[in-house]
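**Student:** Before we start, here is the structure in question, set down as structure tokens.
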Amino acid sequence: MRLIPVLDVFDTVAVRGVGGRRNEYRPLVTQLCEGSDPLTVAAAYRARLNTPALYLADLDAILHRRPNTALYRDLLERDTELWLDAGVQCPADVAPLLDLGVPTIIVGLESWRSPSEMTALAMSVPRERLLFSLDLRNGQPCGGVDWSDDPSVIMDTVLVTGIDRFLILDLHDVGQHTGGSTAALCRALRERSPTAEIITGGGIRNEDDIRRWEQHGIDGLLIASAIHDGRLQLADAQ
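So the mapping is simple: my numbering equals the position in the sequence shown, first residue as 1, plus 9.
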């Protein structure tokens, strides 16, 4: 199981995510490094966790359609294995990120406008470069009016296109020390697609949580707050 560090950026600085309540996000204070410069935080993650992977949630792009393109370029020039959520809404939004060379583009339920456009996306983009994010709040999907409110139906809608890389994330867990709450949905997805790549995260507290998710057969785990607070020792994370 892989650990993928998370970097949330808002107003061009690294911020601390809390329960998906973005009005409460504040500049990041972390034991990893001084300050909240995104490139500094990314470099600290890489040095201390010994991984090139980085999940970047660009809230400027997600909320205001103002992508931090220069930051993407800087990270890619540093050979970052970038997993990027830039709030793509339709296939046309994906093309510039492909041109930049972003390895993994997040297609978030919260942002993607229509399930009917998932097929067109899967036909035009290499599927290994797409990761569908099943975004939830307290167990309820965050999709627009065209999406089902049943997570199982959403899984099936995406799987039928051939996309089989998933992030299942309940925003309520983020930064809340819950340990994560998506195990049942992860199991349901594994039953539907035994070979799917399944990532989850949110609220990871310590090494015991990591072991528990590994026992669930998860392929990857997003992690941030436990590292920043020092509750998860870096040797354990490695």
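The C-beta atom is built at its ideal place from N, Cα and C for all residues, glycine as well.
(1) Since L41 contacts A53 with CB under 8 Å, what's their CB separation in whole angstroms?
(2) Check whether the Cβ atoms of L65 and R82 sit closer than 8 Å, and answer yes or no.
(3) Is the segment 156-169 touching the segment 136-146, taking contact as three or more C-beta pairs under 8 Å?
(4) Within its chain, find whatever has a CB closer than 6 Å to the CB of Y96; leave out the 5 residues flanking it on each side and keep chain order.
(5) How long is the line joining the alpha carbons of Q185 and D179, rounded to whole angstroms?
(6) Quick one: grab the DSSP three-state call for P135.
(7) DSSP on A56, reduced to helix/strand/coil?
(8) Take the Cβ of R201 as the centre, count every other Cβ of all protein chains shown within 10 Å, and call the residue buried at 16 or more, exposed below.
(9) State buried or exposed for N77, treating a residue as buried only when at least 16 other CB atoms are found within 10 Å of its CB.
(10) By the 10 Å Cβ neighbour count, where 16 or more other Cβ atoms means buried, how is V24 classified, buried or exposed?
(11) Within 10 angstroms of the Cβ of R196, are there 16 or more other Cβ atoms? Answer buried if so, exposed if not.
(12) Does DSSP classify D144 as helix, strand or coil?
(13) Based on DSSP bridge pairs, tell me the residues matched to E90.
(14) What are the start and end residues of the alpha helix (DSSP H) that includes I163?
(15) Grab the span of the beta strand (DSSP E) containing I207 for me, first residue to last.
(16) Do the segment 11-20 and the segment 150-166 make contact, defined as three or more Cβ pairs closer than 8 Å?
(17) Give the secondary structure of T187 by DSSP, where H, G and I count as helix, E and B as strand, and everything else as coil.
**Tutor:** With the given structure in hand:
(1) Along the sequence shown, one-based indexing puts residue 41 at 32. Along the sequence shown, one-based indexing puts residue 53 at 44. Confirmed, about 4 Å.
(2) Working through the sequence shown from its first residue, we reach residue 65 at position 56. Working through the sequence shown from its first residue, we reach residue 82 at position 73. Pairing L65 with R82 gives a Cβ-Cβ distance that is not under 8 Å.
(3) Judged by Cβ distances under 8 Å, the segment 156-169 makes contact with the segment 136-146, as three or more pairs qualify.
(4) Position 87 of the sequence shown, counted from the first residue, corresponds to residue 96. According to the sequence provided, residue 96 is Gly. The question's Tyr does not apply to it. If we look at G96 and ignore the five residues flanking it on each side, its Cβ neighbours are A70, I71, S120.
(5) Working through the sequence shown from its first residue, we reach residue 185 at position 176. Working through the sequence shown from its first residue, we reach residue 179 at position 170. Whole-angstrom Cα-Cα distance: 11 Å.
(6) Position 126 of the sequence shown, counted from the first residue, corresponds to residue 135. In this structure, P135 counts as coil in the three-state DSSP scheme.
(7) Taking the first residue of the sequence shown as 1, we reach residue 56 at position 47. In the structure shown, the three-state DSSP call for A56 is helix.
(8) Here the question's residue 201 lines up with position 192 in the sequence shown. R201 is exposed by the Cβ-count criterion.
(9) For the purposes of this step, residue 77 is identified with residue 68 of the sequence shown, where counting begins at 1. Around the beta-carbon of N77, 16 or more other beta-carbon atoms lie within 10 Å, marking it buried.
(10) Locating residue 24 in the sequence shown gives position 15, where the first residue counts as 1. Result: buried.
(11) For the purposes of this step, residue 196 is taken as residue 187 along the sequence shown, with counting starting at 1. In the assembly as shown, R196 is an exposed residue. Its beta-carbon has fewer than 16 other beta-carbons within 10 Å.
(12) Position 135 of the sequence shown, counting from 1, holds the residue named residue 144. Secondary structure at D144: strand, using DSSP grouped into helix, strand and coil.
(13) In the sequence shown, counting from the first residue as 1, residue 90 sits at position 81. E90 is bridged by DSSP to A62.
(14) One-based indexing of the sequence shown puts residue 163 at position 154. Note, I163: alpha helix (DSSP H), 160-168.
(15) What you label residue 207 is simply residue 198 of the sequence shown in a count that begins at 1. Taken as a continuous stretch (DSSP letters only), the beta strand (DSSP E) holding I207 covers 206-210.
(16) The answer is no - the segment 150-166 does not touch the segment 11-20, with fewer than three Cβ pairs under 8 Å.
(17) For the purposes of this step, residue 187 is taken as the residue at position 178 of the sequence shown. Residue state for T187 is assigned as coil, using DSSP reduced to three classes.
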